[in-house]
Amino acid sequence: MSESTPRITAPYLEQFSHQTVRILGKVRQLRGEQATIDAGGQISVFLNRDSHLQLNHAVEIIGKVQNDLSVRVMASTDFGPEGGIDFNAVDAVVDVTHRYPEMFYHKEQ
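Shown next as structure tokens:
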């Protein structure tokens, strides 16, 4: 079985330090190889060469949470203009993911 990638938002970053996660957010700032996304709070992400983000677009990031709670991107998918995503639904999915972790990922002790 491959490594699980729990869906998280910014408030969950600390709980998943050094783990691979999945985040759906809005691109707010681009600075070379670094970006800031809004996913229930600001998250600093370090891009890889395959990352092609655009401002005000929705993006899904799969990456590893670092010590400083930034995320090193392993893969990213642009979902187009952020208005096309229901972020209330995204928050509900994240909430259910952590309310019933046994259904979605192995929770480390």
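When we follow our numbering, the leftmost residue of the sequence shown carries the number 1087, and every step to the right adds one.
All C-beta atoms, glycine included, are put in the ideal place defined by N, C-alpha and C.
Treat the numbers as computed from the prediction; the structure is a model and nothing was measured.
Going by the beta-carbon positions, is the gap between Phe1165 and Val1145 smaller than 8 Å? Closer than 8 Å, so yes.
Which value, in whole angstroms, describes the spacing of the CA atoms of Glu1089 and Tyr1098? For Glu1089 and Tyr1098, the distance between alpha carbons rounds to 18 Å.
Range covered by the beta strand (DSSP E) that runs through Phe1102: Where Phe1102 is concerned, there is no enclosing beta strand (DSSP E), given that its DSSP letter is neither H nor E.
Let me check understanding here. Comparing Cα to Cα, which of Val1107, Val1179 and Ala1175 lies closest to Ser1162? Val1107
What's the call for Leu1110, buried or exposed, on a 16-neighbour Cβ count within 10 Å? buried
Do you know how far the Cα of Lys1193 is from the Cα of Pro1187? Those two C-alpha atoms are separated by around 7 Å.
Which one of Glu1100, Ala1121 and Asp1172 has the shortest CA to CA distance from Ile1147? Ile1147 has its Cα closest to that of Ala1121, out of Glu1100, Ala1121 and Asp1172.
Whole angstroms are fine: how far does the CA of Gln1152 sit from the CA of Val1182? Roughly 24 Å between the two C-alpha positions.
Give the single residue among His1138, Ala1096 and Asp1154 whose Cα lies nearest to the Cα of Leu1116. His1138
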